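A.B. asks: The sequence shown begins at 1 in the UniProt record's numbering and counts up one residue at a time.
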Amino acid sequence: IKASTKKIAIKLKDVVCPDGQSECPSGNTCCKLSSGEYGCCPLPKATCCSDGVHCCPNGYSCDGGVCSKATEEVKPSLLKTTKSSPQFHHHHLANVQKFDKSDIVCPDGQSECPSGYTCCPLDGGYYGCCPYDHAVCCSDEQHCCPLNSVCSPDCTECLDNNNRRFPSQTKTPSKQVEQPRDKYVVVF
1 IKASTKKIAI KLKDVVCPDG QSECPSGNTC CKLSSGEYGC CPLPKATCCS
51 DGVHCCPNGY SCDGGVCSKA TEEVKPSLLK TTKSSPQFHH HHLANVQKFD
101 KSDIVCPDGQ SECPSGYTCC PLDGGYYGCC PYDHAVCCSD EQHCCPLNSV
151 CSPDCTECLD NNNRRFPSQT KTPSKQVEQP RDKYVVVF
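#1: Going by Cα to Cα distance, which pick from 153, 147 and 154 is closest to residue 161?
#2: Excluding sequence positions up to five away, which residues of its chain have a Cβ less than 7 angstroms from the Cβ of residue 90?
#3: By Cβ distance below 7 angstroms, which residues in the same chain neighbour residue 45 in space, the five residues on each side in sequence not counted?
#4: What's the C-alpha gap between residue 163 and residue 103?
#5: Is it true that the CB of residue 140 sits closer than 8 angstroms to the CB of residue 155?
#6: Using only alpha-carbon positions, find the residue among 125, 152, 124 and 145 that is nearest to residue 118.
#7: By DSSP, does residue 121 sit in helix, in strand, or in coil?
#8: Please report the straight-line C-alpha distance between residue 116 and residue 105, rounded to a whole angstrom.
#9: With a threshold of 7 angstroms on Cβ separation, who are the neighbours of residue 24 within its own chain once the five nearest residues in sequence on each side are excluded?
#10: Decide if residue 136 is buried, meaning its Cβ has at least 16 other Cβ atoms within 10 Å, or exposed.
#11: Quick check: residue 149 and residue 126, are their CB atoms within less than 8 angstroms of each other?
#12: Since residue 167 is in the beta strand (DSSP E), which residue starts that stretch and which ends it?
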């Protein structure tokens with residue numbers, strides 16, 4: 001029996017920030033920046049830190065420059081919020097992510113990730129974006145960890161040089177170098 005390689009396109013929904021003027025990519029959290037504008041934390045349902053610069057994973061709190069949960073710690077510099085895009089009418093949302101010279105073009109030459117992210121391979125030869133600069137791409141092709149850490153055997157956690165554990169991040173879809181009319185991610 002021959003395996004099917006049927007492709008399904010799923011439209012990505014951006015997250016509209018509370019000001020109604022800004023938006024963040026799907027899977028991100030809107031956080032208020034120190035400037036009063038909204039920025040995008042590359043984590044779903046994240047905790048926004050009061051410094052207006054950092055954010056922590058869901059279930060963690062901002063505590064004196066680190067994200068903490070019981071005895072675990074995550075370095076917040078790895079989880080910076082980035083400036084959000086202005087919101088347009090729903091039929092113009094595809095134009096929100098503009099090609100930026102500082103964006104990183106992935107090895108396939110067809111995908112790109114925002115500056116400060118790392119291109120990591122996904123199943124099927126596609127690329128996703130890890131919200132860490134110079135990240136470690138986990139072997140499950142779904143998660144990633146920051147530089148100077150390793151993925152746990154099941155790829156759900158990262159271990160730093162001091163054997164501290166913290167959650168690995170799920171990659172977000174990359175965008176095409178040539179802007180499509182709408183943003184889609186292809187899944188099999």
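Ideal placement from N, C-alpha and C gives every residue a C-beta, glycine not left out. Model, not experiment: these values are computed from the prediction.
C.D. replies: Reading it off the structure:
#1: Position 161 of the sequence shown, counted from the first residue, corresponds to residue 161. Cα-wise, what sits closest to residue 161 is 147.
#2: Numbered from its first residue, the sequence shown carries residue 90 at position 90. With a pLDDT of only 21 at residue 90, under the threshold of 50, the placement of this residue in the model should not be trusted; the figure read from the coordinates follows. Hits under 7 angstroms: none found.
#3: Along the sequence shown, one-based indexing puts residue 45 at 45. If we look at residue 45 and ignore the five residues flanking it on each side, its Cβ neighbours are 29 and 58.
#4: Your numbering for residue 163 matches position 163 in the sequence shown. Your numbering for residue 103 matches position 103 in the sequence shown. For the pair residue 163 and residue 103, the Cα-to-Cα distance works out to about 32 angstroms.
#5: Here the question's residue 155 lines up with position 155 in the sequence shown. Here the question's residue 140 lines up with position 140 in the sequence shown. Taking 8 angstroms as the Cβ cut-off, residue 155 and residue 140 qualify as a contacting pair.
#6: Stepping through the sequence shown from its first residue, residue 118 is reached at position 118. The shortest C-alpha separation from residue 118 is found at 145.
#7: By one-based count along the sequence shown, residue 121 stands at place 121. Strand at residue 121.
#8: One-based indexing of the sequence shown puts residue 116 at position 116. One-based indexing of the sequence shown puts residue 105 at position 105. Distance between the alpha carbons of residue 116 and residue 105: 12 angstroms.
#9: For the purposes of this step, residue 24 is identified with residue 24 of the sequence shown, where counting begins at 1. Excluding sequence neighbours, residue 24 sits near 14, 15, 17, 30, 40 and 84.
#10: What you label residue 136 is simply residue 136 of the sequence shown in a count that begins at 1. Buried.
#11: The residue you call residue 149 lines up with position 149 of the sequence shown. The residue you call residue 126 lines up with position 126 of the sequence shown. No; because the gap between Cβ atoms is not below 8 angstroms, this pair is not in contact.
#12: For the purposes of this step, residue 167 is taken as the residue at position 167 of the sequence shown. Residues 165 to 167.
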